[in-house]
Structures are given as structure tokens and as C-alpha cells.
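Just so you know, the protein sequences line up as chains A and B, in that order.
Our numbering numbers the first residue of the first sequence as 28 and each following residue consecutively.
Our numbering numbers the first residue of the second sequence as 28 and each following residue consecutively.
Protein chains: 2
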Amino acid sequence: MKKQIIQILTAMIVSTFSIHAQETIFMPQYIKSPIIENDSIVTFSIIAPEASEVLLQGIGGEDIKLSETNGVRGDWSVSLPLSPDLYTYNFLIDGVRTLDPANCYTARDIASLFNIVILPGGISDYYMPHDVPHGTVSKIWYDSKLTNAPRRLTVYTPAGYESSPDKAYPVLYLLHGMGGDEDAWCELGRVSFILDNLIAEGKAVPMIVVMPNGNARMNGSPGTTGEGMYVPNSQFSVAPQQMFEHDFPEIVNFIDSTYRTIPDKENRAIAGLSMGGGHTWRIGLEYPELADYYGLFSAAVRWNGTGISEQNHALDEQIKASFSESPALYWIAIGKDDFLFGLNKEYRETLDRLSIPYEYHESAGGHSWKNWREYIVEFTQRIFKK
Amino acid sequence: MKKQIIQILTAMIVSTFSIHAQETIFMPQYIKSPIIENDSIVTFSIIAPEASEVLLQGIGGEDIKLSETNGVRGDWSVSLPLSPDLYTYNFLIDGVRTLDPANCYTARDIASLFNIVILPGGISDYYMPHDVPHGTVSKIWYDSKLTNAPRRLTVYTPAGYESSPDKAYPVLYLLHGMGGDEDAWCELGRVSFILDNLIAEGKAVPMIVVMPNGNARMNGSPGTTGEGMYVPNSQFSVAPQQMFEHDFPEIVNFIDSTYRTIPDKENRAIAGLSMGGGHTWRIGLEYPELADYYGLFSAAVRWNGTGISEQNHALDEQIKASFSESPALYWIAIGKDDFLFGLNKEYRETLDRLSIPYEYHESAGGHSWKNWREYIVEFTQRIFKK
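Following this line, the structure appears as C-alpha cells:
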């Protein structure tokens with residue numbers, strides 16, 4: 028019986044290949060790449076018979092040369108000791124940016140696709156799929172007054188949401204950075220996996236996570252709206268970003284009317300990275316009654332295009348007024364090498380001067396998803412536990 | 028003000044490039060590819076300075092050579108007259124399979140990624156995003172008795188579902204082919220766009236579309252389950268496929284208890300392609316009370332590994348018994364060149380011999396998504412209109 032099935036399948040494959048080339052439905056993989064050994068050594072490989080030079084881009088600061096494995100012409104590889112994390116990479120073959128044809132896992136950032144590989148171990152285990160109950164990830168649209176059009180959201184509801192119709196949940200609003208969109212926190216941030224895993228371990232409470240599109244000139248990620256399948260070739264086209272926060276209360280209203288939320292301040296959190304950290308800051312300033320937990324990750328804490336300075340008395344007063352709501356957690360996180368470190372320092376100094384309490388987490392590294400994934404793992408364990 | 032923003036952004040970009048290479052967040056695009064002119068000529072381009080040969084794969088039956096545009100070394104392109112459709116393609120540069128680095132739109136089929144480009148016009152307009160109300164697409168999990176584990180579904184709910192809490196909807200169950208998974212009908216089948224557009228034009232009734240994973244040995248698409256981020260290198264690993272249909276009633280129960288469905292036969296449809304067409308056939312045979320509408324697209328209509336023949340009296344009786352439920356539509360569609368054409372002919376002859384009514388749609392071409400997209404556009408306009 029098994030043999031018979033294989034014969035039929037083989038016949039199907041041969042027929043498929045001979046009759047249609049439009050979609051190579053049953054394409055075989057001839058090599059494996061990347062290969063992870065002992066959770067610590069990663070070998071990246073590609074067959075490029077005519078290439079003079081093959082580089083690996085994205086791992087570390089410099090391009091890394093591949094060499095011909097055991098001297099075999101065209102059989103390129105490089106083995107690297109890497110620490111646990113999610114890495115994005117691509118090859119550069121004689122100057123041509125090429126994805127790893129043996130690796131079907133990718134993430135998109137604006138107009139660029141990268142391969143991804145995850146080394147397990149430590150915090151990185153949270154980025155991996157495991158045999159735990161899984162939440163639902165939805166791409167949903169709300170009617171926005173900001174743009175007078177439907178706008179797209181990614182929404183994570185935790186495992187058990189469908190089977191517990193009487194249960195209501197707290198909500199984390201999670202905002203992306205400049206050039207990102209409503210796909211970023213799931214694609215590069217691995218948020219659905221992180222929450223599945225943290226909730227399964229009892230380290231985070233079951234929560235809904237709402238990931239809006241923070242680009243006021245973009246209603247949904249590329250290829251999902253009437254703008255068609257354009258190439259998002261520049262982040263400038265999506266300015267003015269500063270309008271987004273005015274859309275925020277209607278997002279909260281939509282979520283509270285669509286999902287089983289606990290619709291109060293104690294059960295709302297807002298966090299964001301870079302531009303989204305700036306949005307988080309501005310939302311806390313303008314609508315302090317909405318949320319009790321704030322996460323500013325590598326935040327673009329700007330005011331009228333510049334940093335926060337003590338010259339601005341009116342801003343001081345607004346900051347003080349907003350903090351009179353006494354948020355349960357105001358968590359500022361940034362890497363030592365982040366290009367926004369100075370802006371954040373200036374903001375922290377302002378808070379210090381105004382005697383406003385907050386928590387500060389300083390990590391190594393810069394303005395990177397490595398840090399933002401670590402921050403969201405930490406932040407989601409700190410919220411809704413009062 | 029605008030100038031100031033650009034200065035800040037420029038500073039950010041420079042900082043980003045110099046400090047981190049891990050994620051090239053603001054990667055510019057230097058060329059456009061593909062470019063569509065007059066909705067009929069498509070130019071595919073790539074810069075490959077050192078290449079000896081660049082081929083385009085996936086458009087038509089043969090690989091197509093690119094040449095150096097205006098004789099400029101390394102500036103490769105080819106212009107092709109194409110009819111409206113969705114095309115999948117990739118480049119082959121000196122033997123290396125390469126995605127188009129200027130095109131961020133891709134679709135995955137098992138372990139392979141392809142670029143996609145859509146030529147508008149005719150039926151192809153339904154595959155494009157337009158300024159119409161959009162449905163929600165969710166990746167959701169149900170607890171399966173078949174595999175004693177959570178299994179993943181893609182669910183489309185039409186625009187208005189969230190804002191019309193008193194409205195209930197009919198449900199189309201849509202099954203993928205061998206090697207595909209619960210992502211296929213949205214990625215390659217463009218189902219969410221097709222339904223958004225047909226419903227906006229009033230040509231299809233608002234409906235829920237449920238896209239299960241039909242591989243009994245796979246609980247979710249690669250990278251979503253405890254199996255980790257493996258490379259799905261063979262469709263053999265996902266057999267035995269024939270078990271899937273036994274999971275079907277519990278999927279229906281889960282959907283009826285989770286979504287606002289009209290939970291009766293008149294408001295259920297089942298359709299599938301290839302293996303999923305075979306599943307559709309078997310589900311109609313075993314659970315004829317479940318659905319009123321059936322779509323068999325290039326269906327693998329097999330019985331115990333072979334075609335339907337008149338030798339099998341017991342099968343004849345089972346077919347007759349199942350059709351005593353008089354489905355409102357039983358629609359068989361296949362291309363003239365499909366390698367499953369013979370099996371379908373045999374099945375049609377069996378139905379004819381048993382005087383069982385059905386509709387038959389024969390198209391040009393073979394076992395391809397071009398046909399399946401056309402079939403689903405047709406089929407969704409035919410259902411739930413009694």
C-alpha cells in the first residue's frame with residue numbers, strides 16, 4: 028500500500044514537472060542551509076558554481092566571506108560560532124543580494140526580505156515555536172477618522188480566548204518603528220511566539236496584543252490596500268508620523284468593542300520601539316488616563332523635532348500633569364550604543380528634574396531587534412500583575 | 028519644518044548604517060523590478076555585474092534569457108508581453124536561484140519562495156488589493172482529536188463581521204493540495220482579496236472562508252509548531268493524507284462554536300484543489316449531510332489509490348447514497364492538460380452512469396494556480412444564493 032502511494036506520488040511529480048513550469052510545486056532541496064550544530068555553530072551554505080565571491084551579510088558588523096568547502100568548486104560555506112538569538116541574513120554573490128534558497132524562513136522589513144535563523148538557548152528559546160497552546164494572530168481592519176479609510180491592525184489573542192467566552196483580557200498596544208508596519212512586531216519581533224511561550228510558563232498573564240500601523244500615510248502594510256503592490260522604497264513617503272497618536276483612542280475604542288477586553292486603565296499597556304517609542308511617549312502625554320503601563324524601547328523621544336530640554340516650561344507642566352495619573356510602570360529601555368541614547372538621556376534628566384519616578388533598563392548594543400525582542404520578553408512579564 | 032525632519036531622518040539613517048549592520052533597516056532600492064507598462068508588457072530587471080547568464084524562471088514553460096540592457100555590462104533585463112494573471116517567478120543567475128531583490132512580494136509553496144507579480148485586467152483584477160472594505164484573516168488553532176494536538180486554520184471573515192454582531196454567515200471550507208498547507212489559498216490563491224472584491228461588487232455573498240491544514244501529519248505550516256523551523260523538503264513526510272477527512276466534522280463544530288455561522292447544510296460549502304479536491308470528494312461521500320455546495324478543482328478523485336471504476340459496486344452504492352442528499356451545486360472543474368484529467372473523466376463517467384447530476388467546467392491549461400484562482404472566483408459567485 029505504501030509502495031503504491033509512493034508510485035502514484037512519483038507519477039504525479041513527474042507529470043507536474045513535465046506539464047507545468049509555472050509553479051514548481053514539488054521543488055526539491057539539494058542542500059541544507061543553515062545547519063546548527065551543538066546550538067552554537069551555524070554553517071551557512073550555497074551552491075554557486077560560477078561565483079568568484081560569496082559574502083554573508085547581516086551576521087555581525089562586517090560582511091563575511093564564504094569559501095569553497097573542501098576546495099570543491101562552487102560549494103560555498105562558512106561556519107560561525109554564534110550566541111543564542113534570532114539572526115537575519117542574506118548572501119551577496121558577486122554583488123547580487125540573494126536570499127538563501129535552502130531556507131524558507133524570511134522576514135520583511137519595509138521593502139527588503141531577509142532570511143532568518145534562530146539559535147536556541149536562553150532568552151532565544153522564547154522566539155521559537157514550541158509544543159504549547161498557541162494564540163490566534165489576526166489581520167483586522169478598523170475605520171479610521173485619521174485617514175477616513177479602513178486601517179489594518181495585527182491582533183494576538185491568547186490561547187484559550189475562543190474556548191473561554193466568559194473571560195475578558197488585558198490589552199497591550201505595541202507600536203513599531205519608522206519604516207515598519209503592523210507586521211513588524213510579529214515578523215521580526217516574534218511576539219506571538221514570545222507570548223505563547225511566556226504564558227505557557229506562567230510568566231506572563233494571558234493578554235491581547237494589538238499592533239497598529241503607526242504610519243499615518245499608510246493604511247496597511249504594502250500590498251494590502253488600494254495603493255496596490257507598490258514598492259515601499261522610502262520611509263519619507265510615510266511621514267508625517269506625528270499624526271498617528273491622534274488615532275490611538277479610536278483604536279482603543281475599536282478593540283474594546285470588538286474583543287473581550289477589560290476596558291480600564293489598569294488593564295491597558297502601551298509599548299513601542301523607536302518611532303513607536305516616541306508614539307508611546309506622546310500617547311502617555313496626551314491620553315494619560317488610557318493606560319497604566321508604558322514601555323519606551325529605544326524611543327524617539329522628540330518634541331517639535333528636537334530633544335526634550337528644560338527650556339520648555341509648558342512641556343514640563345504637561346509631563347507633570349500626565350504623570351499625576353501615576354502609571355503602574357514606566358519602563359525606559361535603550362542600548363548603550365543606540366543613536367537615540369542622547370535623546371533618552373535628556374528625557375530621563377527631565378523626569379529626574381521633575382522628580383517623576385520611572386524604571387530604566389540599559390543594555391549593550393544599539394538600535395536593533397536583538398534588543399527589542401529582549402525588551403518585550405522582559406516587559407510582558409512586568410505588566411498586568413498588580 | 029520638512030527640511031528639519033529630513034535632516035533628522037538622514038542623521039538617523041547614517042547612524043543606523045554605521046552602528047548596526049545586523050538589520051539594514053533603511054535599505055534603499057536602486058532599481059525597480061518588475062515594471063508593468065500598459066497593463067501588458069512586464070520588464071524584469073536585476074543588476075548582476077559579474078554574471079555570465081541570467082534566466083527568468085516561472086513565466087511560461089521555458090526559462091527565459093535576460094540580456095544586458097542597452098549593452099550596459101551587468102544591467103540585465105527582459106520585457107515580455109503577458110496576459111492578465113498572477114505570475115510567480117525567480118531569477119537563475121549563473122545557476123543560483125535568486126529572488127528579485129527589488130520585489131518584496133513573495134509567496135511560499137512548501138519550502139520554496141517565489142516572487143509574485145500581478146498583471147491587472149479581467150479576472151486578474153480580483154487578485155489585486157483595491158480600496159474596498161476588507162475582511163479579517165486569522166491564523167487560529169483548534170484542538171484536534173485526529174492528532175491529539177492543536178491544529179492551525181486560516182479563517183477569513185468578511186468586512187462588517189466585527190461591526191455587525193447580530194449577523195450570522197455561511198461558511199466555505201477551502202482545502203489545499205498536496206504539499207500545500209493552511210497558508211496556500213491566501214498566499215497563492217489570493218482568496219482574501221478575491222472575496223473582498225467580489226463581495227464589494229455584490230457578486231458574492233458575505234461569507235466566512237475556513238482554510239484548514241489537510242496534511243494529517245502536520246499540525247500547522249512550517250515554523251509554527253513544536254517541530255520547529257524545519258525545512259519541509261518532501262511531501263512524502265506528510266502522508267497519510269487520507270486521514271484528514273475524518274478530522275473534518277470537528278473542524279465544522281469548532282467553527283460553528285467560535286464564529287457567528289449559520290450552522291446548517293444550506294449554508295455550508297466545501298471546495299478544494301488537487302488533494303484537497305480529493306478530500307472534498309471524500310467528505311461529500313462520508314458526510315453528505317454537512318454541506319450543500321461542492322467544488323472539486325483538479326481533484327485527486329481516487330479510491331484506495333486508484334481511479335473510480337464501475338467494478339466497485341459498494342462504492343457505487345455509497346456514491347448514490349451520498350447524492351440522495353441532493354447537493355445544491357456539485358461543480359467539477361479541471362484543465363484539459365491536467366495530469367488528473369483521466370481520473371476526473373472516470374469519475375464523471377461514473378456519475379453519468381449512476382444518473383447523478385453535476386456541473387462540469389473544463390478550462391485550458393493544467394494543474395496550476397492560474398486555474399484554481401479562476402475556479403474560486405467562479406465558485407464563490409455560485410454559492411449560498413438559493
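For every residue, glycine included, the Cβ atom is placed at its ideal position computed from N, Cα and C.
With the cut-off set at 8 Å, would you say residue i and residue j are in Cβ contact?
i, j, result
"Asn246/A", "Arg135/A", "no"
"Arg217/A", "Tyr154/A", "yes"
"Leu113/A", "Ile145/A", "yes"
"Gly362/B", "Leu202/B", "no"
"Tyr321/B", "Ala348/B", "no"
"Thr133/A", "Leu126/A", "yes"
"Phe411/B", "Val232/B", "yes"
"Glu272/A", "Lys172/A", "no"
"Glu293/A", "Asp319/A", "yes"
"Thr163/A", "Ile167/B", "yes"
"Asp364/A", "Gly392/A", "yes"
"Leu370/B", "Arg309/B", "no"
"Tyr188/A", "Val237/A", "no"
Could you list which residues in chain B have their beta carbon closer than 7 Å to that of residue i, in chain order?
i, result
"His157/A", "Gly253"
"Pro177/A", "Pro160 and His161"
"Ile297/A", "Residues of chain B passing the Cβ test: none, with the nearest at roughly 22 Å."
Can you name the residues of chain B whose CB is closer than 9 Å to the CB of residue i?
i, result
"Arg375/A", "Residues of chain B passing the Cβ test: none, with the nearest at roughly 20 Å."
"Trp168/A", "Pro160, His161, Gly162, Thr163, Ala186 and Glu189"
"Ile145/A", "Gly255 and Met256"
"Ile73/A", "Val123"
Excluding the five sequence neighbours on either side, which residues of its own chain have a C-beta within less than 8 Å of the C-beta of residue i, listed in chain order?
i, result
"Trp414/A", "The question about residue 414/A has no answer here: the residues shown for chain A are numbered 28 through 413."
"Val404/A", "Ile150, Tyr153, Ile221 and Leu225"
"Thr307/A", "Leu202, Ile297, Ala298, Gly299, Tyr321, Gly322, Leu323 and Ala326"
"Arg409/A", "Tyr320, Leu356 and Trp358"
With a threshold of 16 other CB atoms inside 10 Å of the CB of residue i, please say whether the residue is buried or exposed.
i, result
"Arg380/A", "exposed"
"Ala195/A", "exposed"
"Tyr257/A", "exposed"
"Ile58/A", "exposed"
"His340/A", "exposed"
"Asn142/A", "buried"
"Pro156/B", "buried"
"Lys413/B", "exposed"
"Ser264/B", "Reliability of the predicted coordinates at Ser264/B is poor, the pLDDT of 46 falling under 50, and no value is obtained from them."
"Glu386/B", "exposed"
Which residues in chain A sit within 7 Å of residue i, going by Cβ to Cβ distance?
i, result
"Met238/B", "Here the premise fails: no neighbours, minimum Cβ distance about 14 Å."
"Pro111/B", "Here the premise fails: no neighbours, minimum Cβ distance about 14 Å."
Does residue i get closer than 8 Å to chain B when you measure Cβ to Cβ?
i, result
"Glu389/A", "no"
"Glu95/A", "no"
"Met234/A", "no"
"Tyr196/A", "no"
"Gly241/A", "no"
"Asp193/A", "no"
"Gly476/A", "Coverage of chain A is limited to positions 28 through 413, which leaves residue 476/A absent and any answer about it impossible."
"Ile335/A", "no"
Taking C-beta pairs closer than 8 Å, name the residues in chain A that residue i reaches, listed in chain order.
i, result
"Leu126/B", "Thr125, Leu126 and Leu140"
"Thr181/B", "Ordered by position in chain A, no residue passes the 8 Å Cβ test against Thr181/B, which lies about 10 Å from the chain."
"Ser79/B", "Glu77"
I want to see whether chain A comes within less than 8 Å of residue i, judged by CB atoms only; does it?
i, result
"Ser165/B", "yes"
"Asn407/B", "The question names Asn, but residue 407/B is Thr in the sequence shown. False, the Cβ-Cβ gap to chain A never drops below 8 Å."
"Pro61/B", "no"
"Arg135/B", "yes"
"Thr285/B", "yes"
"Ile120/B", "yes"
"Gly250/B", "yes"
Ordered along the chain, which non-local residues of its own chain (more than five positions away) have a Cβ less than 6 Å from that of residue i?
i, result
"Gln84/A", "Asp90, Asn117 and Leu119"
"Ser390/B", "Gly362 and Asn398"
"Val69/B", "Pro61, Ile63, Leu107 and Leu109"
"His388/B", "Ala360"
"Ala176/A", "Asn246"
"Pro290/A", "Asp283"
"Arg287/B", "Ala195"
Return no unless some Cβ of chain D is closer than 8 Å to the Cβ of residue i.
i, result
"Pro185/A", "Checking the listed chains, one finds no chain D in this structure; the protein chains it contains are A and B."
Short of 7 Å in beta carbon distance, which residues of its chain neighbour residue i, apart from the five on each side in sequence? Order them along the chain.
i, result
"Thr251/A", "Arg179"
"Val462/B", "Residue 462/B is absent from the model: chain B starts at 28 and stops at 413."
Going along chain B, which residues have a C-beta under 8 Å from residue i?
i, result
"Val258/A", "Gln56, Lys59, Ala129, Asn130 and Cys131"
Following a CB-centred definition, is residue i positioned closer than 7 Å to any heavy atom of the ligand FMN?
i, result
"Gly332/B", "Looking for the ligand FMN in the displayed structure turns up nothing, as the structure carries no ligands at all."
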